[in-house]
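Here's the structure, in structure tokens; my notes come after.
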Amino acid sequence: MSRIARLSDVLINKIAAGEVVERPASVVKELCENSLDAGARTVRVELEGGGVGRITISDDGHGMNREDATLCLERHATSKLRELDDLFHIDSMGFRGEAIPAIASVSRFTLHTAEPEAHEGTKIHVEGGGPPTVEDAPPRVGTVITVEDLFFNVPARRKFMRQGATELKHCEESVVRLALAHPEVGFFATHEGHELFASPASEHDPRERIAAALGPASFPHLFPVEERRLGVSVTGYLASPEYTLPNARGLYTFVNRRYIRDRGLISTVQRAFQDFLPAGRQPVVVLHIDVEPRAVDVNVHPQKQEVRFADARGVQDAVSAALTRVLRASPWLGTPEQQAANPQPRDAAHYAHAVERFLTRAQEATWGAPLPTAMDAPGPSMPARPLSPSYFAPPGGGAPGPFPGPSMPGRTLGFGEAQPQLNEAPPPGYFVALRPMGMLGSRFHVCEGPGGTLVVLDPHAALERARLTAYMRRLDDGAKAPAPSLFGTTVELSLAAVKALVDGREALLLLGVDVEPFGGTAIALKSVPPGLEGVDPRALLEALSRALPPRSAPLDVTSLAEAVRVMACHAARQASATPLTDAQLRALLGELDRADFTPPCTHGTVVVLEMPLLELERRAR
Numbered sequence: 001m002s003r004i005a006r007l008s009d010v011l012i013n014k015i016a017a018g019e020v021v022e023r024p025a026s027v028v029k030e031l032c033e034n035s036l037d038a039g040a041r042t043v044r045v046e047l048e049g050g051g052v053g054r055i056t057i058s059d060d061g062h063g064m065n066r067e068d069a070t071l072c073l074e075r076h077a078t079s080k081l082r083e084l085d086d087l088f089h090i091d092s093m094g095f096r097g098e099a100i101p102a103i104a105s106v107s108r109f110t111l112h113t114a115e116p117e118a119h120e121g122t123k124i125h126v127e128g129g130g131p132p133t134v135e136d137a138p139p140r141v142g143t144v145i146t147v148e149d150l151f152f153n154v155p156a157r158r159k160f161m162r163q164g165a166t167e168l169k170h171c172e173e174s175v176v177r178l179a180l181a182h183p184e185v186g187f188f189a190t191h192e193g194h195e196l197f198a199s200p201a202s203e204h205d206p207r208e209r210i211a212a213a214l215g216p217a218s219f220p221h222l223f224p225v226e227e228r229r230l231g232v233s234v235t236g237y238l239a240s241p242e243y244t245l246p247n248a249r250g251l252y253t254f255v256n257r258r259y260i261r262d263r264g265l266i267s268t269v270q271r272a273f274q275d276f277l278p279a280g281r282q283p284v285v286v287l288h289i290d291v292e293p294r295a296v297d298v299n300v301h302p303q304k305q306e307v308r309f310a311d312a313r314g315v316q317d318a319v320s321a322a323l324t325r326v327l328r329a330s331p332w333l334g335t336p337e338q339q340a341a342n343p344q345p346r347d348a349a350h351y352a353h354a355v356e357r358f359l360t361r362a363q364e365a366t367w368g369a370p371l372p373t374a375m376d377a378p379g380p381s382m383p384a385r386p387l388s389p390s391y392f393a394p395p396g397g398g399a400p401g402p403f404p405g406p407s408m409p410g411r412t413l414g415f416g417e418a419q420p421q422l423n424e425a426p427p428p429g430y431f432v433a434l435r436p437m438g439m440l441g442s443r444f445h446v447c448e449g450p451g452g453t454l455v456v457l458d459p460h461a462a463l464e465r466a467r468l469t470a471y472m473r474r475l476d477d478g479a480k481a482p483a484p485s486l487f488g489t490t491v492e493l494s495l496a497a498v499k500a501l502v503d504g505r506e507a508l509l510l511l512g513v514d515v516e517p518f519g520g521t522a523i524a525l526k527s528v529p530p531g532l533e534g535v536d537p538r539a540l541l542e543a544l545s546r547a548l549p550p551r552s553a554p555l556d557v558t559s560l561a562e563a564v565r566v567m568a569c570h571a572a573r574q575a576s577a578t579p580l581t582d583a584q585l586r587a588l589l590g591e592l593d594r595a596d597f598t599p600p601c602t603h604g605t606v607v608v609l610e611m612p613l614l615e616l617e618r619r620a621r
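Numbering (UniProt numbering) for the sequence shown: 1 to 621.
Dropping the structure here:
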């Protein structure tokens with residue numbers, strides 16, 4: 001009897017699934033890529049149980065007839081290759097014909113599709129790689145594929161799945177990568193009815209798609225990148241060195257619109273930024289590299305996340321030149337005329353290092369431990385909070401952590417020193433007694449405080465605290481909504497955001513925000529309360545849509561607190577975009593003396609940080 005036997009198709013598909021379908025995110029990626037190859041203009045992803053329970057991908061592409069729908073479930077059946085030469089000229093996302101049969105072999109798989117203007121559609125169901133069940137179905141636009149109970153018949157694989165939240169994060173990242181590669185296609189993702197990602201097509205301004213993926217705070221920091229050489233085109237956007245991350249999560253490279261992780265390219269990007277970023281920070285870059293299909297091999301990795309370039313050095317040189325040109329020009333500092341008008345032009349790297357050196361030395365002089373620097377913010381959607389050493393004390397103000405607050409013999413603890421994690425209520429008249437002395441890096445205000453102290457004030461945190469107090473008091477007093485500022489504009493939002501805003505219109509009116517539906521996914525913003533003039537209306541409304549209480553909740557200070565925090569944060573972001581004048585700073589200090597430091601802010605927990613000058617003098621001797 002022969003010891004070598006041909007494997008069954010079912011077993012072959014399960015082996016292929018081990019390479020192609022690593023986790024739910026792999027299913028999302030493969031099926032969304034098929035939608036893109038089908039010419040879809042909108043792709044919707046619905047998830048349950050982190051993607052392990054159910055994944056539904058629907059698109060408005062050209063669909064399939066019954067013959068093609070049945071054939072796509074067979075291994076190595078594809079519409080994207082015909083001859084050997086096609087393998088060296090791949091311009092589609094998928095090409096092997098392995099993904100659908102591999103997915104169907106380890107799940108309960110359902111496909112519903114129809115060609116345009118067809119009178120009848122096709123529905124196919126496959127249970128764990130078994131024989132397909134084909135039946136008639138109503139015609140529809142495009143294709144819907146549902147994958148349920150992933151790995152239900154491969155318990156060993158299912159056992160190695162991560163927790164639902166982890167798998168969900170990977171699924172969301174798969175959608176983000178495809179959305180960044182195809183800004184002309186609308187992408188929408190939900191999990192058990194909750195929106196994960198929503199971005200209509202934004203082909204005219206790709207920055208909108210990047211902001212949807214990385215957070216609206218990234219939008220003003222994005223600058224175009226372009227370099228064209230023989231056989232290589234590099235385009236995309238980089239964020240100024242003022243906007244960074246603690247990891248490489250914001251570094252996206254695409255080759256012929258396919259997301260890849262190439263060590264050589266990543267190293268090239270990091271080297272281009274090395275003179276502009278402090279240690280421990282990573283750049284935010286979205287790069288599209290287009291080369292001749294024959295000059296790159298995409299068939300070197302089962303999940304197609306690695307490629308092999310015919311001229312890797314040439315591609316890396318083009319990427320380096322594109323990034324270096326923009327970084328050296330420093331467009332975030334303004335036009336040459338604006339830089340000339342500024343007597344002290346600010347270099348981003350110099351500014352970042354200056355803040356880091358100042359705060360580190362200040363902390364070491366007082367407490368002997370390093371203070372979080374300006375670039376230690378936890379994520380891009382949060383404005384920098386250089387004065388918030390959250391690791392000094394645990395939440396709620398318990399015992400201090402490994403770096404206790406300052407305690408020197410013969411000196412009373414200053415404002416904010418007992419609980420360095422937050423600024424408790426200040427002594428009466430504390431802020432109006434401060435004497436402004438100047439600015440640090442065009443970002444922080446440096447003042448002389450009472451009792452011989454150096455006080456560093458974060459204007460965003462200060463403005464946020466003042467605005468939060470004002471909005472809360474108006475709401476708490478039960479007074480009528482503040483006189484609105486005219487702010488007529490119309491914005492396009494996600495369908496979920498529009499629904500939430502329309503349902504919460506009564507709550508918004510109490511806050512002084514007046515909106516009304518404008519048809520489709522457009523909404524008209526008619527007015528906002530004082531302090532919110534000039535904010536980004538889309539970012540404000542998207543954030544408010546997520547912060548409004550449920551329709552059944554009573555409309556009071558407690559239920560509206562999150563929405564008020566959102567308004568305060570956006571008002572502060574707008575007001576702190578430009579340096580405060582002396583008069584504005586004095587007025588703000590007066591507001592802070594009357595502010596309530598009890599309710600938490602979205603970001604501005606620590607408004608000021610004190611440092612005793614006497615201790616500096618002692619260390620300087």
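Every residue, glycine too, gets a C-beta built ideally from N, C-alpha and C.
Taking a contact as a CB-CB distance under 8 Å, the pair V446 and V456 counts as one, their CB atoms being some 6 Å apart. Taking a cut-off of 8 Å on C-beta distances, the region 159-176 does not touch the region 133-141, as fewer than three cross pairs fall below it. Contact between L277 and T244 holds, with the beta-carbon distance rounding to 6 Å and staying under 8 Å. If you check the CB distance, E30 and I124 do not come in under 9 Å. By the neighbour-count criterion, in which 16 or more other beta carbons inside 10 Å mark a residue as buried, P428 falls on the exposed side.
In the DSSP assignment, H191 falls within the unbroken beta strand (DSSP E) covering 186-191. Residue range 164-181 is occupied by the alpha helix (DSSP H) that includes E172. Counting C-beta pairs with one atom in each stretch, the region 282-296 and the region 215-231 have three or more that are closer than 8 Å, which means they touch. Contact annotation: A571 and V608 have beta-carbon atoms that are not nearer than 9 Å. Bounds of any alpha helix (DSSP H) do not take in L245, whose DSSP letter is neither H nor E. Judged by their CB atoms, S199 and E148 are not nearer to each other than the 9 Å cut-off. Secondary-structure assignment with DSSP links C447 through a beta bridge to P436, V455.
For the pair P246 and Q282, the Cα-to-Cα distance works out to about 6 Å. Counting C-beta atoms within 10 angstroms of its own C-beta, E208 has 16 or more neighbours from the protein chains shown and is therefore classed as buried. Our two residues, P599 and L540, have alpha carbons roughly 21 Å apart in a direct line. Assignment of alpha helix (DSSP H) within the UniProt domain "DNA mismatch repair protein S5" (210-328), counting only whole runs of 4 or more residues, yields 263-273 in chain order. For the pair P241 and V307, the Cα-to-Cα distance works out to about 29 Å.
As summarised for the region 104-147, the continuous beta strand (DSSP E) elements at least 3 residues long and confined to that stretch are 108-113, 121-127, 133-137, given in chain order. Distance check between E67 and each of G51, P131, T122, R41 places T122 closest, using alpha-carbon atoms only.
Closest in C-alpha terms to P579, from the list E610, N34, F219, F444, comes F444. For D514, the uninterrupted beta strand (DSSP E) run begins and ends at 514-517, by DSSP. A distance below 7 Å between beta-carbons, with the five flanking residues on each side excluded, links S559 to the following residues of its chain, in chain order: P549, A553. In the DSSP assignment, S35 falls within the alpha helix (DSSP H) that extends over 24-37. Nearest to Q584 by C-alpha distance, out of A595, P459, R565, is P459.
DSSP, read as helix, strand or coil, puts E67 in helix. L532 carries a coil assignment under DSSP once its states are collapsed to helix, strand and coil. Cβ-Cβ distances below 6 Å link A114 to G63, G121, P139, R140 in the same chain, with the five nearest sequence neighbours on each side left out; the list follows chain order. Residue state for E506 is assigned as helix, using DSSP reduced to three classes.
Residue L178 holds the alpha-carbon nearest to the alpha-carbon of G186 among L178, G193, E192.
Straight across, the Cα-Cα distance linking P331 with D205 is about 18 Å. Going by DSSP, D593 is part of the alpha helix (DSSP H) stretching over 582-593. Excluding residues up to 5 positions away in sequence, T469 lie with their Cβ nearer than 6 Å to the Cβ of D596 in the same chain. Following the DSSP letters along the chain, one finds H194 inside the beta strand (DSSP E) bounded by residues 194-199.
The beta carbon of G438 sits closer than 7 Å to the beta carbons of V446 from its chain, once the five residues preceding and following it are set aside; these are given in chain order. For S58, DSSP records a beta bridge to R44, V144.
CA-to-CA, the gap between A524 and V564 works out to about 20 Å.
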